Structures are given as C-alpha cells and as structure tokens.
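Novice: Dumping the structure here so I can ask a few things about it.
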Amino acid sequence: MSQYQNLLLAGLPIAVSTAIVSASEFVHYDLRDKIIEPNVPIKFIHFIETGVMSLLKVMEDDSRVELATIGNEGMLGVPVAVGINSVAALVMCQVESSAWRIPVEAFDSLAKTYPALAQLSLRYAMALFEQIAQTTGCNQTHSVDKRCAKWILLTHDRSKNDTFPMTQEFLANMLGISRTLVNAAAVSLSERKIISYVRGRITILD
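Letter by letter, the sequence shown follows residues 95 to 300 in our numbering.
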C-alpha cells in the first residue's frame, strides 16, 4: 500500500514518487486560498493529498463558474505539463487542503528524467479535460437540483467526509447561478432528507 494519498504519486514507480517528494515541500491551504491566478505564471505543481480545489473561469464581470473539482486524484499546474506557463483560470481552495508542492523547474527536470512522470501528467491532463467537458454538458442539460447534487457528491468523494463547509454564496459561484436558486435547491434536497444544511455546513444524509 502506498504511503501517499495522492493517487498520481501512488501510481508512479516508487523511485519517481520519492524523487518528486524529495524535491517538494508539504503545504497546507485554507478555504478560499488562491493557488493559481489568471494569466500569472505558474510557479509550482501541486499533488493534492487531502481536501478539494476548484478550477474556475473568471468572467469579464468578475463572476466565476467552476470548470472542475480536483482532489487527491489529481494535480494542480497541468498546463505546465503541456508546455504552457499560464492560463486564464483561477484555482482556489474549496475545502481545507494539503499537498506536495514542487517548483516548476524541478518538475520539468524530473519529467525529462522519468518518462513515466511525463506520460502520467499528459494522461491526467486528458482526464481533466474530460471532466471539464462533462461539467459543461451537465450545466447545459441538468436541473439546478441535479447540478447541486452532482457538485455535493464530487466534493464528498474528495473530502472523504459526510460534512463539509459550504455557503450559498460559494456554491452559487461554483455553479454559476444565483443564491436564490441555490437556496431553493438546498431546501428541496433537505426536504427530501438527502442533505442537511445548517449554518454554512452541508451534511450528506443519503
């Protein structure tokens, strides 16, 4: 059994994961901390161990829509793996998180030394693309209740906890909808005893 909770690190040969961790520092992030900012050069690759991160598109009016949720199955800084040093997107902490953080230069060097790391990074980039495509389709075709339920389950998968913090304002930003619609969805899910929502904390009941 791997000593790493991050599934990418756990899936690499032990020599590669050890080299990555040796060149990294273990960091902690709190709710709403910004890890990658729009059009700012990416300085670090993060291998998430615990918690949840959100990949967001920031619109011209400064509104935000979530493109993907990232937890211990993935990494932050994927554009670097395909030769791009900045993107017009925001990554912020959604649920208190910890990660192995490695400087881009060190990551690039290791990717050249270990083909397995380069290959896995590209495969994860494709998986992230598929998640973004799925989210886009869901946002166009599913009801607000279903979108909320999907988001709650994605967060549950990654936080590994039935209860986690979530304000209506934050969830509205994640889904690109109004707080009124979020409130209606939360009430609907609560009345059906699927979730409990009290003082900015969601608990999954079913």
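Virtual Cβ for every residue (Gly too), placed ideally from N, Cα, C.
Only a predicted model underlies this, so the values are computations on that prediction, with no experimental measurement involved.
Return the Cβ separation of SER272 and ALA279 in integer angstroms, given the expectation that the two are a contact with Cβ distance under 8 Å.
Specialist: Here residue 272 refers to the residue found at position 178 when the sequence shown is read from its first residue. Here residue 279 refers to the residue found at position 185 when the sequence shown is read from its first residue. Between ALA279 and SER272 the Cβ distance is about 11 Å, and since that is not below 8 Å, they are no contact.
Novice: In whole angstroms, give me the CA-to-CA distance for VAL238 and ILE296.
Specialist: Residue numbering aside, residue 238 sits at position 144 when the sequence shown is read from its first letter. Residue numbering aside, residue 296 sits at position 202 when the sequence shown is read from its first letter. The straight-line gap from Cα to Cα measures roughly 17 Å.
Novice: Apply the 10 Å Cβ neighbour rule to ARG217 and answer buried if 16 or more other Cβ atoms are within range, or exposed otherwise.
Specialist: The residue given as residue 217 occupies position 123 in the sequence shown. So ARG217 counts as exposed.
Novice: Within the chosen definition, does the segment 218–228 reach the segment 177–185 through at least 3 CB pairs nearer than 8 Å?
Specialist: With the cut-off at 8 Å, the segment 218–228 and the segment 177–185 do not touch.
Novice: With DSSP run on the structure shown, which of helix, strand or coil describes GLU263?
Specialist: Residue mapping note: residue 263 aligns to position 169 of the sequence shown, counting from 1. Looking at GLU263 - three-state DSSP - the assignment turns out to be helix.
Novice: From which residue to which residue does the alpha helix (DSSP H) around ARG293 run?
Specialist: Numbered from its first residue, the sequence shown carries residue 293 at position 199. Careful: ARG293 lies outside any alpha helix (DSSP H) and carries neither H nor E.
Novice: Buried or exposed: where does GLU160 fall if 16 or more other Cβ atoms within 10 Å of its Cβ makes it buried?
Specialist: Here residue 160 refers to the residue found at position 66 when the sequence shown is read from its first residue. Classification of GLU160: buried, given that the 10 Å Cβ count is 16 or more.
Novice: Go to SER191, then tell me how far its beta strand (DSSP E) extends in each direction, as first and last residue.
Specialist: Indexing the sequence shown from 1 puts residue 191 at position 97. Counting along the chain, the beta strand (DSSP E) containing SER191 begins and ends at 184–197.
Novice: Since I believe THR144 is in contact with SER192 (beta carbons under 8 Å), could you give me their beta-carbon distance rounded to a whole number of angstroms?
Specialist: In the sequence shown, the residue the question calls residue 192 occupies position 98. In the sequence shown, the residue the question calls residue 144 occupies position 50. Right, their Cβ atoms sit about 5 Å apart.
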